[in-house]
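Numbering (our numbering), first residue to last: 18 to 249.
Just below is one structure, and these are the notes that go with it.
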Amino acid sequence: MKKQLKVSPSILSADYGNLESAAREADRAGGDAIHIDIMDGHYVHNFSFGIDVIPALKKATGIPLVAHLEIDNPDVFIADFADAGADMIVVQEDTCPNLPRTVQSICRCGTKAGIGINPDRGFDKLEANPEILKQIELLIVMAVYPGFGGQPFSPAALPKIEKAAAMREQFGADYDIGVDGAVKEATIPGIVGAGANYLIAGSSVFNDGNVKKNINTLRALAEKSLVKSYRV
Ligand code: DX5
Ligand code: ZN
Numbered sequence: 018m019k020k021q022l023k024v025s026p027s028i029l030s031a032d033y034g035n036l037e038s039a040a041r042e043a044d045r046a047g048g049d050a051i052h053i054d055i056m057d058g059h060y061v062h063n064f065s066f067g068i069d070v071i072p073a074l075k076k077a078t079g080i081p082l083v084a085h086l087e088i089d090n091p092d093v094f095i096a097d098f099a100d101a102g103a104d105m106i107v108v109q110e111d112t113c114p115n116l117p118r119t120v121q122s123i124c125r126c127g128t129k130a131g132i133g134i135n136p137d138r139g140f141d142k143l144e145a146n147p148e149i150l151k152q153i154e155l156l157i158v159m160a161v162y163p164g165f166g167g168q169p170f171s172p173a174a175l176p177k178i179e180k181a182a183a184m185r186e187q188f189g190a191d192y193d194i195g196v197d198g199a200v201k202e203a204t205i206p207g208i209v210g211a212g213a214n215y216l217i218a219g220s221s222v223f224n225d226g227n228v229k230k231n232i233n234t235l236r237a238l239a240e241k242s243l244v245k246s247y248r249v
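Structure, rendered in structure tokens:
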């Protein structure tokens with residue numbers, strides 16, 4: 018199944034003193050969605066942004082805002098993020114005791130739903146409740162443990178991307194397959210070759226300040242890798 022390639026800059030690596038201009042720049046540079054990691058200092062050993070960052074960035078950009086909830090107990094905040102204007106809410110499956118209910122409550126808010134899978138976790142909850150697969154728009158294979166930008170890539174993500182693609186086929190679903198963590202020039206051929214089409218990139222987009230050039234480079238490499246993987 019050929020899915021459109023998407024590059025989503027993660028503002029975790031942007032200059033926090035200039036978030037508005039970082040989001041605007043990512044938009045103008047051709048980013049497909051702004052990825053906003055929400056961290057609670059509990060599920061992960063770090064803090065990042067709160068709910069109010071969503072309406073603030075909404076004023077700066079017209080591309081979708083994706084709230085990636087790296088928090089415990091996300092269920093109690095779903096309505097808040099939806100009301101704040103998140104276009105998509107991504108929950109980590111290991112934080113959801115009843116994943117079908119969580120996905121349903123995201124969808125009921127009129128918001129797109131996504132699920133993130135940590136490096137040490139499998140797809141058991143999804144396989145046990147395959148109806149979820151048709152309700153989500155994005156399945157993120159985490160190539161790092163949530164919490165920080167700039168971590169090394171876990172190669173264990175690659176067979177999981179393949180599995181995510183096989184599940185999509187098997188259950189007639191249509192979600193994008195995302196990778197979050199260490200998406201950069203060195204890892205993109207493998208990631209795209211394995212079947213991911215949605216690239217979430219923090220440090221490789223923002224670290225050196227050349228946002229437009231970086232997005233173009235990542236996208237061009239991904240497109241090239243995509244063509245190659247279809248030839249095989
Ligand atoms: C990690 C976050 C990622 C992070 C990735 O907790 O979910 O979105 O921004 O950063 P890089 O691209 O630097 O690995
Ligand atoms: Zn993220």
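We put the CB at the ideal spot given by N, CA and C, even for glycine.
A straight line joining the alpha-carbon of aspartate 137 with that of glutamine 121 spans about 25 Å. Taking 8 Å as the cut-off, the Cβ atoms of leucine 22 and isoleucine 51 do not count as close. DSSP places leucine 155 in the uninterrupted beta strand (DSSP E) bounded by 155-159. A contact is defined here as three or more CB-CB pairs under 8 Å, and the stretch 173-182 fails this definition with respect to the stretch 62-70.
In the same chain as methionine 105, and ignoring 5 residues on each side of it, the C-beta atoms closer than 8 Å to its own belong to Ala50, Pro81, Leu82, Val83, Ala84, Thr128, Lys129, Ala130, Gly131, Glu154 and Leu155, in chain order. Put simply, of Pro26, Lys20 and Lys19 the residue whose alpha carbon is nearest the alpha carbon of glycine 226 is Pro26.
With contacts defined as CB atoms closer than 8 Å, glutamate 87 and tyrosine 60 qualify as a contacting pair.
In the three-state DSSP reduction, phenylalanine 188 falls in the coil class, being neither helix nor strand. Listed in chain order, the non-local C-beta contacts of arginine 41 below 8 Å within the same chain comprise Ala77 and Thr78, local neighbours out to five positions each way being set aside.
Distances from the alpha-carbon of alanine 181 to those of Val222, Asp111 and Glu144 put Glu144 closest. In chain order, Ala46 and Gly47 place their CB closer than 8 Å to the CB of asparagine 233, counting only its own chain and leaving out the 5 sequence neighbours on each side.
For lysine 151, the CB contacts under 6 Å within the same chain, skipping 5 residues up- and downstream, are Ala190 in chain order.
With a contact defined as Cβ atoms closer than 8 Å, valine 158 and isoleucine 134 qualify at about 6 Å. In the DSSP assignment, proline 206 falls outside any beta strand (DSSP E) and within the unbroken alpha helix (DSSP H) covering 205-211. Here phenylalanine 64 is bridged, per DSSP, to Asp57.
Taking C-alpha positions only, leucine 116 is separated from lysine 142 by approximately 7 Å. In this structure aspartate 54 is not in contact with aspartate 89, their Cβ atoms being roughly 14 Å apart against a cut-off of 8 Å. At least one heavy atom of the ligand DX5 lies closer than 7 Å to the C-beta of histidine 52. Around the beta-carbon of tyrosine 33, fewer than 16 other beta-carbon atoms lie within 10 Å, marking it exposed. Take the alpha-carbon of alanine 103 and the one of isoleucine 71: they are about 6 Å apart.
For alanine 84, DSSP records a beta bridge to Ile53 and Ile106. When the five nearest sequence neighbours on each side are left out, the beta carbons in the same chain lying within less than 8 Å of the beta carbon of serine 30 are those of Gly166, Gly167, Gly219, Ser220, Val222, Phe223 and Asn224, in order along the chain.
In this structure, the ligand DX5 has no non-hydrogen atom nearer than 7 Å to the beta-carbon of leucine 156.
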